[in-house]
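Residue numbers (our numbering), protein chains in the order written: chain A, 1 to 113; chain D, 1001 to 1114.
All C-beta atoms, glycine included, are put in the ideal place defined by N, C-alpha and C.
None of the values given here were measured: they were computed from a predicted structure.
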Amino acid sequence: GESVGLHLPTLSVQEGDNSIINCAYSNSASDYFIWYKQESGKGPQFIIDIRSNMDKRQGQRVTVLLNKTVKHLSLQIAATQPGDSAVYFCAEKRGTGRRALTFGSGTRLQVQP
Amino acid sequence: NAGVTQTPKFQVLKTGQSMTLQCAQDMNHEYMSWYRQDPGMGLRLIHYSVGAGITDQGEVPNGYNVSRSTTEDFPLRLLSAAPSQTSVYFCASSPWDRRNTEAFFGQGTRLTVV
């Protein structure tokens, strides 16, 4: 089974609100956790990553929080815009170097005008 | 910049046919990989390569072959297509660094096997 999962398949928010997308993981050995965005008809696009020894990392309008105690990861998007509508995947990377990414099943974010 | 280019974008195959999905990147990335994406699911790793001449199996390698003769190209071959291989296929590349978390994906190939 998957070691990276998502709580909700679809999240609907109003434009301008903040969005929070959640992800649970089971493998404590993961080295990095990563968020990807996939727009309709396109390949996934890297958003932000966080190393397992950190608990928070911020980017442009996005913040990723990592709670290792409960094995939970979240992506917060501030002032959600219509262009944020997409499927968001969390992924994990175990070990350094050669290892590939393991993706969760995705959450669809719908931004209502 | 072209980035990662996949061809074809769409393909319909009959059961038992073979074909090659092409993937090329112009970023001189060492690491390349193939994923498949099925409806409502995340991406599952088929095969990956850490450099020319080196390939390895991922999570779902059965029914697929790969080779990496150059840094730029990483074709995926379906030897005898089956309906279970109907999916969207993504190729990705990334530079070789300790993190190796930022993969650059192609636009995908939507494959239907009838």
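- Bounds of the beta strand (DSSP E) holding residue 1049 of chain D are 1043–1051.
- Against chain A, the CB of residue 1064 of chain D has no partner CB under 9 Å away; the residue lies outside that interface.
- In the assembly as shown, residue 1008 of chain D is an exposed residue. Its beta-carbon has fewer than 16 other beta-carbons within 10 Å.
- Contacts between residue 105 of chain A and chain D, judged by CB atoms closer than 7 Å, involve 1040, 1041 and 1042 in chain order.
- Interface residue (Cβ-Cβ distance to chain D less than 9 Å): residue 43 of chain A is classified as such.
- Annotated three-state conformation of residue 84 of chain A is helix, per DSSP.
- Not a single CB atom of chain D sits nearer than 9 Å to the CB of residue 84 of chain A.
- Counting C-beta atoms within 10 angstroms of its own C-beta, residue 93 of chain A has 16 or more neighbours from the protein chains shown and is therefore classed as buried.
- Our two residues, residue 1038 of chain D and residue 11 of chain A, have alpha carbons roughly 20 Å apart in a direct line.
- Contact annotation: the region 1080–1088 of chain D touches the region 1006–1022 of chain D, with at least three C-beta pairs closer than 8 Å.
- If you draw a straight line from the Cα of residue 1058 of chain D to the Cα of residue 87 of chain A, it is about 23 Å long.
- Residue 76 of chain A carries a strand assignment under DSSP once its states are collapsed to helix, strand and coil.
- The beta-carbon of residue 1053 of chain D is placed no less than 9 Å from the nearest beta-carbon of chain A.
- For the region 1005–1035 of chain D, residues whose beta-carbon sits nearer than 9 Å to a beta-carbon of chain A comprise 1006, 1031, 1033 and 1035.
- Taken through DSSP and simplified to helix, strand or coil, residue 1085 of chain D comes out as helix.
- The C-beta of residue 1068 of chain D has 16 or more other C-beta atoms within 10 Å across all chains shown, which makes the residue buried.
- Spanning the alpha carbons of residue 112 of chain A and residue 80 of chain A requires a straight line of approximately 10 Å.
- Residue environment for residue 31 of chain A: buried (at least 16 other C-beta atoms within 10 angstroms of its C-beta).
- Assignment of beta-bridge partners to residue 20 of chain A by DSSP yields A:76.
- Per DSSP, residue 1024 of chain D is one residue of the beta strand (DSSP E) stretching across 1019–1025.
- With the criterion set as a beta carbon lying under 8 Å from some beta carbon of chain A, the region 1070–1086 of chain D has no members that meet it.
- The Cβ neighbour count for residue 35 of chain A, taken over all protein chains shown within 10 Å, is at least 16; the residue is labelled buried.
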